[in-house]
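> This is the structure, below, for whatever I ask next.
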Amino acid sequence: MTDLLNRPGDGASDDAEGLAVEPITQWDLFIARLRRHRLAMISSIFLFVVIIISFVVGPLLKCDKGATECEFPQLWDHTQGLKDDDDRLLVNIAPRGSIPFGTDELGRDVLTRVVRGGQASLTVGIVTGLLVASLGTVVGALAGYYPGVVDQALMRFTDLILGLPLLPVAIVVGRLLPELTFLPDWMQSGPWGIAFLLGFLLWGSLARIVRAEFLSLREKEFVEAARAAGASDRRIIFRHILPNAMSPIIVQTTLIIGAAIIIEAALSFLGFGVRPPTPTWGGMAASGAGVAVRGFWWELVFSASALVMTVLAVNFIGDGLRDALDPTQTIERK
Amino acid sequence: MRAVDGVSFDMMAGERRGVVGESGSGKSVTAMSIMRLIEPPAGEIVTGTIEFQGQNLLALPEDDMQDVRGGRIAMIFQDPMTSLNPVYTVGDQLIETIMLHQHVSKHDARRIAADALGDVQIPEPMARLDDYPHQFSGGMRQRVMIAMGLSCNPDLLIADEPTTALDVTTQAQIMDLMLKLAEDRGTAVMLITHDLGVVAGFCDTIQVMYAGGIVEYGNATDLFGNPQHPYTWGLLGSMTRLDESHTERLHSVRGAPPSLINPPLGCRFNPRCDFVQDICHDSYPALRESGRESQIAACHLATELDLNTIDVTGVVGS
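One line per chain: the protein sequences are A and B, in this order.
Taken in order, the first sequence gives residues 1 to 334; the numbers are from our numbering.
Taken in order, the second sequence gives residues 335 to 652; the numbers are from our numbering.
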């Protein structure tokens with residue numbers, strides 16, 4: 001029992017008895033809640049591994065020698081088909097030993113292309129996410145902070161963007177991208193062009209969320225107090241309000257990353273995404289689907305699995321972040 | 335609608351002014367106007383001048399006004415639980431204010447911040463700088479707000495109901511602290527409150543506001559001892575007093591404050607006044623000297639009525 005009259009020096013130990021309360025910071029709570037979200041933790045580790053393999057390990061494992069001399073886990077050139085000793089292409093080889101994922105209809109190693117495809121898909125996801133986060137936040141913040149003309153103009157523009165039919169516009173612009181010669185090369189083909197395109201199409205929903213947050217936060221007393229202390233508008237927007245609106249921004253951005261990866265896959269599947277021979281998961285699924293009807297299932301299965309697992313992981317992380325960033329949640333789940 | 339109309343007053347350096355009135359009487363709007371914190375679409379200052387140390391604040395560009403806010407005029411708000419930004423430490427927020435107004439290094443600003451916390455009697459100020467607002471109690475947070483307000487040695491401190499959200503013992507401590515700090519530094523304080531007890535112990539002068547205008551002004555002793563306006567008298571009569579027995583119901587000013595969208599003609603207090611006469615419906619009374627030397631009141635009857643001789647119970651019954 002706790003001795004309420006416990007006086008120092010009367011023999012009772014100071015630390016074992018008596019009430020003590022340690023302060024817990026918001027950050028501690030956030031980490032604790034996130035760690036309890038098992039799916040989000042596993043997903044984070046998975047996504048981390050995928051990123052490392054796609055961007056670091058894959059390129060390092062490159063093998064310049066012929067098909068017979070390279071051994072797993074070394075990776076071949078993702079543009080060249082494998083040939084046997086008689087210089088014939090090894091097309092549609094089923095998974096085996098040194099070719100664990102098999103080859104596609106042009107004889108290219110599927111594992112190599114899944115790894116390289118991860119680079120394209122993740123680049124699109126991350127670059128689109130960053131673009132959406134910055135565009136949506138700036139537009140939403142200005143609209144929410146400055147009522148009247150600024151708000152009206154920005155929100156009507158947002159409505160316009162949200163009103164665009166996503167796939168048709170993406171298909172048309174994606175088709176036109178390689179012909180827009182005024183753009184730099186890296187924008188015309190490859191994942192960056194698609195990422196920018198998707199970034200400009202997807203920021204609308206985040207802008208609305210940020211605006212709503214700003215509308216309620218700008219009325220808070222601490223904002224009034226900051227203004228009374230002589231803070232400028234810019235300081236109030238970015239230093240005082242924005243950090244309080246971070247959680248919906250982070251959560252929405254993760255969801256956008258997942259959506260962008262899927263939309264890129266859809267575009268590539270339809271042939272309007274990243275140009276061949278650069279592999280993407282969506283493009284591989286498309287060509288894999290073509291040969292899968294003849295029984296060569298591996299290209300479709302491995303590329304689609306990589307896509308689905310990555311998007312799932314991103315969405316689980318978003319889920320975990322939403323729970324962890326919600327201050328009304330207690331530390332316990334369920 | 336005009337939330338504040340025709341309010342005009344002067345404050346001396348170092349003066350402690352109490353601004354008293356019901357909710358919606360225009361106390362806060364007056365204070366916010368001085369700070370130029372009224373912005374469309376919430377509202378607009380349509381006419382008038384606000385002169386501070388010889389400068390018309392209404393003519394100042396926004397940049398210069400930002401230097402005035404927090405630097406020369408500081409403000410403390412009602413609810414200390416929400417006036418601090420929850421995502422920054424108390425130190426961050428103090429240092430931010432100090433560095434906005436004083437040209438000092440971050441290191442010096444931190445030292446000034448710690449001194450400011452020490453001045454408001456927060457123990458271990460250097461360590462508490464790194465705590466977040468939620469780690470402070472309500473009274474402690476209001477101390478932090480006072481520290482923040484006074485950290486740049488303003489000439490005028492506007493305190494908008496600084497103790498309303500606090501419990502009674504904390505209220506007393508905070509008021510004592512503000513009194514001591516204001517006296518030590520010679521800071522003028524404009525104390526906005528509806529708590530007459532708080533005003534009595536703190537202020538040199540009092541202005542009573544009603545429906546967007548000043549109805550009575552005077553120094554504290556004169557106004558309390560000899561209220562000239564029936565509204566002031568009603569407010570004083572509605573206070574509980576420890577030195578009297580409570581056999582009767584407390585006096586209350588009947589009715590509710592008028593809508594400012596469609597204010598009553600003549601004196602705005604006429605629907606609630608117990609001494610209303612024909613003239614009260616016809617013309618708005620101007621502020622004029624009445625009662626003791628320091629006092630002015632906006633009542634047609636101010637000089638004729640001697641409110642102190644009227645039997646309170648008789649009025650309550652009516």
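We treat Cβ as the ideally placed atom computed from N, Cα and C, and that holds for glycine.
1) I'd like to check one pair, residue 148 of chain A with residue 488 of chain B: are the Cβ atoms closer than 8 Å?
2) Excluding the 5 residues flanking residue 227 of chain A on each side, which residues of the same chain have their C-beta closer than 8 Å to its C-beta?
3) For residue 418 of chain B and chain A, any beta-carbon pair shorter than 8 Å?
4) Ignoring anything shorter than 4 residues or poking outside the region 229-307 of chain A, list the alpha helix (DSSP H) runs there in chain order.
5) Could you name the residues of the region 209-237 of chain A whose beta carbon sits closer than 9 Å to any beta carbon of chain B, in the order they occur along the chain?
6) Out of curiosity, what's the CA-to-CA distance linking residue 354 of chain B and residue 242 of chain A?
7) With a floor of 4 residues, list each alpha helix (DSSP H) that falls wholly inside the region 394-429 of chain B, ordered by position along the chain.
8) With contact counted as at least three CB pairs below 8 Å, one residue from each stretch, are the region 352-367 of chain B and the region 511-528 of chain B in contact?
9) With DSSP as the reference, please indicate the residues paired to residue 531 of chain B in a beta bridge.
10) Residues of chain B with a CB under 8 Å from the CB of residue 148 of chain A: which are they?
11) In chain A, which residues lie with their C-beta within 9 Å of the C-beta of residue 431 of chain B?
12) Pick from A:173, A:36 and A:116: whose alpha carbon is nearest that of residue 61 of chain A?
13) List the whole-angstrom C-beta distance separating residue 114 of chain A from residue 287 of chain A, where the pair is believed to meet the contact cut-off of C-beta under 8 Å.
14) Can you give me the Cβ contacts of residue 143 of chain A inside the same chain, cut-off strictly under 6 Å, excluding the 5 residues immediately before and after it?
15) For residue 425 of chain B, tell me which candidate among B:475, B:361, B:407 and B:604 has the shortest Cα-Cα distance.
16) Please list, in chain order, all residues of the same chain as residue 136 of chain A whose beta carbon is under 7 Å from its beta carbon, the five residues on each side excluded.
17) Please classify residue 350 of chain B as buried or exposed, where buried requires at least 16 other C-beta atoms within 10 Å of its C-beta.
18) Who are the near neighbours of residue 625 of chain B in its chain, counting only those whose CB is closer than 6 Å to its CB and skipping five residues on each side?
19) Any beta carbon of chain B sitting closer than 8 Å to that of residue 243 of chain A?
20) Measuring CA to CA, which of B:586, B:368, B:520 and B:513 is closest to residue 534 of chain B?
21) Please check the pair residue 532 of chain B and residue 509 of chain B, which I expect to be a contact at CB under 8 Å, by giving their CB distance rounded to whole angstroms.
22) Could you check what DSSP says for residue 108 of chain A in three-state terms: helix, strand or coil?
23) If you draw a straight line from the alpha carbon of residue 452 of chain B to that of residue 58 of chain A, how long is it in whole angstroms?
24) Let's test the definition: count the other Cβ atoms within 10 Å of the Cβ of residue 480 of chain B and tell me whether it reaches 16, buried, or not, exposed.
25) Please state the DSSP three-state secondary structure of residue 90 of chain A.
26) Near residue 7 of chain A, which residues of its chain fall below 7 Å by C-beta distance, leaving aside the five closest residues on each side in sequence?
27) Counting Cβ pairs closer than 8 Å, one from the region 187-195 of chain A and one from the region 121-132 of chain A, do we hit at least three?
28) From the DSSP output, which residues share a beta bridge with residue 543 of chain B?
29) Which chain A residues are close to residue 409 of chain B, counting only those with a beta carbon under 7 Å from its beta carbon?
30) Would residue 321 of chain A pass as an interface residue toward chain B - the criterion being a Cβ-Cβ separation below 8 Å?
31) Return the Cβ separation of residue 325 of chain A and residue 48 of chain A in integer angstroms, given the expectation that the two are a contact with Cβ distance under 8 Å.
32) Mind pulling the chain B residues with CB within less than 8 Å of residue 37 of chain A?
33) For residue 378 of chain B, collect the residues of the same chain with a Cβ closer than 8 Å to its Cβ; drop the 5 residues on either side in sequence, then sort them by chain order.
34) Check whether chain A comes within 8 Å of residue 369 of chain B, counting only Cβ atoms and requiring the distance to be less than that.
35) Would you say residue 434 of chain B reaches chain A, if we count a Cβ-Cβ gap shorter than 8 Å as a contact?
36) Taking 8 Å as the threshold (beta carbon to beta carbon), is residue 476 of chain B in contact with chain A?
Looking at the coordinates:
1) no
2) 236
3) yes
4) 246-270 and 281-292
5) 220, 221, 222, 223, 224, 225, 226, 227, 228, 229, 230, 231, 232, 233 and 235
6) 36 Å
7) 396-402
8) yes
9) In the DSSP output, where bridge partners are listed per residue, residue 531 of chain B has none listed.
10) 374 and 375
11) 226, 229, 230 and 231
12) A:116
13) The Cβ separation is near 13 Å, so there is no contact.
14) 151, 154, 155 and 211
15) B:475
16) 203, 206, 207 and 210
17) buried
18) 560 and 562
19) yes
20) B:513
21) 6 Å
22) coil
23) 59 Å
24) buried
25) coil
26) In this prediction, residue 7 of chain A has a pLDDT of 44, which is less than 50 and means its spatial position is unreliable; nothing more can be read from the coordinates.
27) yes
28) B:548
29) 228
30) no
31) Contact flag wrong, Cβ pair sits at about 20 Å.
32) The contacting residues do not exist; residue 37 of chain A stays about 22 Å from chain B at best.
33) 372
34) yes
35) yes
36) no
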